[in-house]
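Everything on this sheet refers to the single structure shown next.
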Amino acid sequence: GESVGLHLPTLSVQEGDNSIINCAYSNSASDYFIWYKQESGKGPQFIIDIRSNMDKRQGQRVTVLLNKTVKHLSLQIAATQPGDSAVYFCAETVYNQGGKLIFGQGTELSVKP
Amino acid sequence: DTGVSQDPRHKITKRGQNVTFRCDPISEHNRLYWYRQTLGQGPEFLTYFQNEAQLEKSRLLSDRFSAERPKGSFSTLEIQRTEQGDSAMYLCATERAMNTEAFFGQGTRLTVV
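So the sequence lines, in the order shown, correspond to chains A and B.
Just so we're aligned: 23 in the numbering used here is position 23 of the first sequence, and the numbers increase by one with no gaps anywhere.
For the numbering used here, add 113 to where a residue sits in the second sequence, where the first one is 1.
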């Protein structure tokens, strides 16, 4: 079936380093992708999104890259800080399927001071 | 605080009891989604509303589950005859329009004992 998955379940980085979290998706019809950050005991928090007509989008300290050819999505976090420690989920959706999000399993990012 | 409010934050119930959760969306958001999340997994779609109309229900939503959104504002999710397998975090998300930023509430953590 259709799925969104993550290559790395855990990622440990040193404070100040850059982090890259990867995600693979299988539904070529997906046209909107979102990265969420979830801290323990809290709901997912929107980080950045990208539509299928783009291959790169930048935010504050974060960049999302979309490679539709290989159905791959990545989140880059620059100068990672301890406050970035959380579980990160990618999610995909298809416009004509009501906007429901399909989430991957998540990657836990741990930032060492 | 995203502006999406869920109540209660935690609920412990005995197997077989009924429970009801509430979600108050951001006021101008006419689309409202319910998701369920178990430990270590990404959220899974349950159902969604556009205004007061329930437009889609997942196969995960058994006949023991019912959701309403009277008047297109707050929404309730009821689980009848709870089972231990219903233990999860129940998340509500709202968005202004399809494929725009979805804001999640803090969730209701249900434990069925």
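Glycine included, C-beta positions come from ideal geometry on N, C-alpha and C.
Asked                                                                                                                                                          : Found
Would you say the beta carbon of Asp84 (chain A) comes nearer than 7 Å to a heavy atom of the ligand FMN?                                                      : This structure lacks the ligand FMN, and indeed carries no ligand of any kind.
Answer yes or no: does any C-beta atom of chain C fall closer than 8 Å to that of Phe33 (chain A)?                                                             : Any reference to chain C falls outside this structure, whose protein chains are A and B.
Using beta carbons (cut-off 8 Å, strictly below), is Pro44 (chain A) in contact with chain B?                                                                  : yes
Going by other Cβ atoms of all chains shown within 10 Å of its Cβ, with 16 needed for buried, is Ser3 (chain A) buried or exposed?                             : The predicted position of Ser3 (chain A) is uncertain, since its pLDDT is 47 and thus under 50; a value taken from the coordinates is nonetheless stated next. Ser3 (chain A) comes out exposed.
Is it true that the CB of Glu157 (chain B) sits closer than 8 Å to the CB of Tyr148 (chain B)?                                                                 : yes
Can you tell me the Cα-Cα spacing of Asn67 (chain A) and Tyr32 (chain A), whole angstroms?                                                                     : 13 Å
Run down chain B in chain order and give the residues with a C-beta less than 8 Å from the C-beta of Asp49 (chain A).                                          : Glu214
For the stretch 18-27 of chain A against the stretch 65-83 of chain A, are there 3 or more C-beta pairs whose distance is under 8 Å?                           : yes
So, at 6 Å on beta carbons, what are the nonlocal neighbours of Thr10 (chain A) in its own chain, with the 5 sequence-adjacent residues on each side left out? : Glu108
Inspect the CB distances between the stretch 114-124 of chain B and the stretch 174-185 of chain B and report whether three or more fall short of 8 Å.         : no
For Tyr95 (chain A) versus Asn212 (chain B), is the C-beta distance shorter than 8 Å?                                                                          : yes
Decide if Asp55 (chain A) is buried, meaning its Cβ has at least 16 other Cβ atoms within 10 Å, or exposed.                                                    : exposed
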